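Worksheet: one structure, shown below.
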Amino acid sequence: MTSPIPDVHAGMPTEPTDQPTLPAGDVTSWLAATQAALAGAADAAVPCDGCTACCTSAQFVHIAPDETDTLAHVPAELCFPAPLAPPGHLVLAHDEHGRCPMLGDSGCSIYPYRPRACRTYDCRVLAAAGLVPDEPATVEIARRVGRWRFGVGTERDRTTLAAIRAAARWLDQHDHELPDRLRPTTATQRAVLAVEVHAAFLDRRDGRPTVVTADDADVRRAVDALGAPG
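Just so you know, we're using our numbering here: the sequence shown kicks off at -2 and counts up by one.
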């Protein structure tokens, strides 16, 4: 079933803010860059412009065993075994104020060696999925997300954004059907997963992508093929 393309700006997160909106880039270019980052082919190029919301929101940052440069620059006493992960996977804990201990007065003190999770993090994924994080410590991230505005000047941009949001809604309604290892537990995980499976909500058979109501089994297979959410 083909679905109408919604007013994309009406679907943006609406966390109250007195700050001006921020250009998030056009959807098509952003998606290509985000997919490259998720595949490990590039770092996320986020126009943070001094924002450190993700560094001060009580996040536990995953560090994989192969991140040797990161591990060499993070004090061992700040890391703990990652729950439900294979041996050798660690999390970098935040301090009592919710700040990453590697955040200094001038920004990340280990920026060239920062964890992969930091290299690929992009809060615009939440805006793309029409989600706002609701964890108590993520107020600043929510405010930042509410300011992003994507460029939707082409039909492809609008259709892609609609498909990502359709995927996010599906995950919200069906995540209880997914196995524990695949179930997103945060808004960010759900947004990333929506980006990764949004193609299941597109029909390209006529050479002109349209948003469709995806088959539930197809979406579950797409999620299962990805493994556990990052």
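A virtual CB, placed ideally from N, CA and C, is assigned to each residue, including glycine.
Source: prediction; values computed, not measured.
Classification of residue i by the beta-carbon crowding that lies within 10 angstroms, buried from 16 upward
i      : result
Phe198 : buried
Asp221 : exposed
Tyr287 : It is not possible to answer for residue 287, since the shown part of the chain is limited to -2 through 227.
Gln56  : buried
Pro72  : exposed
Glu64  : buried
Phe77  : exposed
Pro112 : buried
Ala211 : buried
Thr18  : exposed
Arg246 : Here the chain comprises residues numbered -2 to 227, so residue 246 is not present and cannot be evaluated.
His94  : exposed
Pro181 : buried
Asp215 : exposed
Leu81  : exposed
Gly101 : exposed
Beta-ladder partner(s) of residue i, from DSSP
i      : result
Pro133 : In DSSP, Pro133 forms no bridge with anything.
Pro176 : The partner list for Pro176 (beta bridge, DSSP) is empty, contrary to what the question assumes.
Gly101 : Gly104
Val247 : No answer is possible for residue 247: it lies beyond the span of the chain, which begins at -2 and ends at 227.
Trp27  : Per DSSP, none; premise fails for Trp27.
Asp200 : Thr207
Leu89  : Val58, Cys76
Trp145 : Leu19
Top-ranked residue by Cα proximity to residue i, from the options
i      : options                        : result
Asp172 : Ala30, Asp213, Val88           : Asp213
Val269 : Val194, Val71, Arg166, Arg201  : No answer is possible for residue 269: the residues shown for the chain start at -2 and end at 227.
Asp92  : Cys52, Leu68, Leu19, Ala36     : Cys52
Gly150 : Ser26, Gln16, Leu19            : Ser26
Gly262 : Asp102, Ala61, Ile107, Leu100  : Any question about residue 262 goes unanswered here, given that the chain covers just -2 to 227.
Glu74  : Pro176, Asp200, Ser54, Met99   : Met99
Cys115 : Gly104, Arg162, Pro83          : Gly104
Gln16  : Ala33, Glu132, Cys48           : Cys48
Val142 : Leu168, Ala184, Arg180         : Ala184
Thr135 : Gly148, Phe147, Cys120         : Cys120
Glu137 : Val189, Ile107, Arg96          : Arg96
Ala219 : Asp200, Val209, Leu190, Arg201 : Leu190
Ala30  : Val192, Ala50, Asp200, Ala126  : Val192
Val24  : Cys45, Val58, Phe147           : Phe147
Leu223 : Ala139, His195, Leu81          : His195
Tyr108 : Arg140, Ala79, Thr67, Ala125   : Thr67
Tyr110 : Pro80, Asp169, Ala69           : Ala69
Asp177 : Ala163, Arg217, Arg201         : Arg217
Arg201 : Leu179, Glu174, Ser54, Ala160  : Ala160
_Would the stretch 198 to 218 count as touching the stretch 145 to 159 if we require 3 or more Cβ pairs under 8 Å?_
The stretch 198 to 218 makes contact with the stretch 145 to 159, as at least three CB pairs between them are under 8 Å.
_Threshold first: 4 residues or longer. Then list the alpha helix (DSSP H) segments lying entirely within the stretch 54 to 78, N to C._
Residue ranges of uninterrupted alpha helix (DSSP H) with 4 or more members, entirely inside the stretch 54 to 78 and ordered along the chain, are 65 to 70.
*Answer yes if the stretch 29 to 42 comes into contact with the stretch 71 to 90, meaning at least three C-beta pairs across the two stretches below 8 Å, and no otherwise.*
In this structure the stretch 71 to 90 does not lie against the stretch 29 to 42, because fewer than three pairs of beta carbons, one per stretch, are closer than 8 Å.
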